[in-house]
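Using this note's numbering, the letters of the sequence shown correspond one by one to residues 1245 to 1387. First the structure, in the form of structure tokens, and then the observations on it.
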Amino acid sequence: MPNYLQSKSEAFSKAAKLLHSNELYSTVAHSAYYSCFLLMKHIWLHPLNKTEQHLRQELKHHNQQRRFSGAQEMGSHEFLINAVGKYIKNLEYNDFHKFIEAICQLKRLRTSLDYDDTLFDDAKSSTSLSLAEAVILILEKYK
């Protein structure tokens, strides 16, 4: 069975590195983050043996419970990060801690890059690459 998500993840990772080396810093965090996101989605579909439909249903159910308790709804990215994080936590707590810290930092950088009117320089671009590499190293163990 072909694994397109892993191939796309690798392509986004290569793209992030190429963008950085070509000083296109404002696009690096986006590609770096999505290289991780696609690998998380692979884990959801394969080791966790869930489907896209499961993702939508579980997110909807989770958000219904959050609304009932007055909490803010969760997006699909946050839900997937938490689900994959829980899977990793059940297998190796140290990896879980490193994963959550790095993916949350990378997500914040990506969100800032995509939506804020801020300068994205070499330092932030390099940080995005480093965080993505750390996340991918962990995710590769659990795919």
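Note that beta-carbon positions come from the ideal geometry of N, C-alpha and C, so glycine has one too. Remember, it's a predicted structure, so these values are computed and weren't measured experimentally.
Anyone know if the C-beta pair for residue i and residue j falls short of 7 Å?
i: residue 1286; j: residue 1324; result: no
i: residue 1350; j: residue 1264; result: no
i: residue 1292; j: residue 1331; result: yes
i: residue 1378; j: residue 1346; result: yes
i: residue 1276; j: residue 1376; result: yes
i: residue 1208; j: residue 1310; result: With the chain represented from 1245 up to 1387, any question about residue 1208 goes unanswered, as that position is not in the structure.
i: residue 1343; j: residue 1380; result: no
i: residue 1273; j: residue 1363; result: no
Between which two residues does the alpha helix (DSSP H) holding residue i run?
i: residue 1281; result: 1272-1289
i: residue 1247; result: Careful: residue 1247 lies outside any alpha helix (DSSP H) and carries neither H nor E.
Mapping the DSSP letters down to three states, classify residue i as helix, strand or coil.
i: residue 1315; result: coil
i: residue 1302; result: helix
i: residue 1338; result: helix
i: residue 1266; result: coil
i: residue 1293; result: coil
i: residue 1258; result: helix
i: residue 1385; result: helix
Closer than 8 Å is the cut-off here; do at least three beta carbon pairs connect the segment 1351-1361 with the segment 1272-1280? yes
Would you mind listing the alpha helix (DSSP H) stretches within the segment 1322-1367 that are 4+ residues and don't spill past its ends, in chain order? 1337-1359
So, do the segment 1333-1340 and the segment 1302-1313 have three or more beta carbon pairs nearer to each other than 8 Å? no
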